[in-house]
Amino acid sequence: RSFARHLTDDLLRVVAARGGVIGVWPIARQPGAPLDDFLADLRHVVRVAGIAHAAIATDMTGLQTFTAIPTYRDVGALPAALLASGFTEDETRQLLGGNALRVIAEALRAG
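Under the working numbering, the first residue of the sequence shown is numbered 0, with each subsequent residue one higher.
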């Protein structure tokens, strides 16, 4: 847990055990930081909870000064960054929305 608001590893495991998905917000430790910190946080969640339980959070109304992705226009750089950092194409699809869509579909079916 590299930031006070991050979930503990135990909580990450609980969410995964229940089939949920954890959205990782692209926080930057300092303004203007590259995606490296965010990608490290994302890898940590994947390592602890599993690829099927990680996603990218896209709340753009919060701390814009401390985000590695300050605008929705900047989201376009994410696929290439994920692939360059070692995620496969399938994992990248899961992280960019596939996992979240799966959980939403399951919730709607359970209705």
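Each residue gets a CB set at the ideal place from its N, CA and C atoms; glycine is no exception.
Given the structure is predicted, the values throughout are model-derived calculations rather than measurements.
- [ ] Please say whether P78 and L100 have beta carbons closer to each other than 8 Å?
- [x] no
TODO: Leaving out five residues on either side along the sequence, give the residues of the same chain with a beta carbon under 6 Å from the beta carbon of G22.
DONE: A54, A56
Task: Cα-Cα separation, H43 to G110 - done: 32 Å
Open item on the list: Whole angstroms are fine: how far does the CA of P69 sit from the CA of G19?
Closed with: 26 Å
Open item on the list: Please state the DSSP three-state secondary structure of T91.
Closed with: Three-state result, T91: helix.
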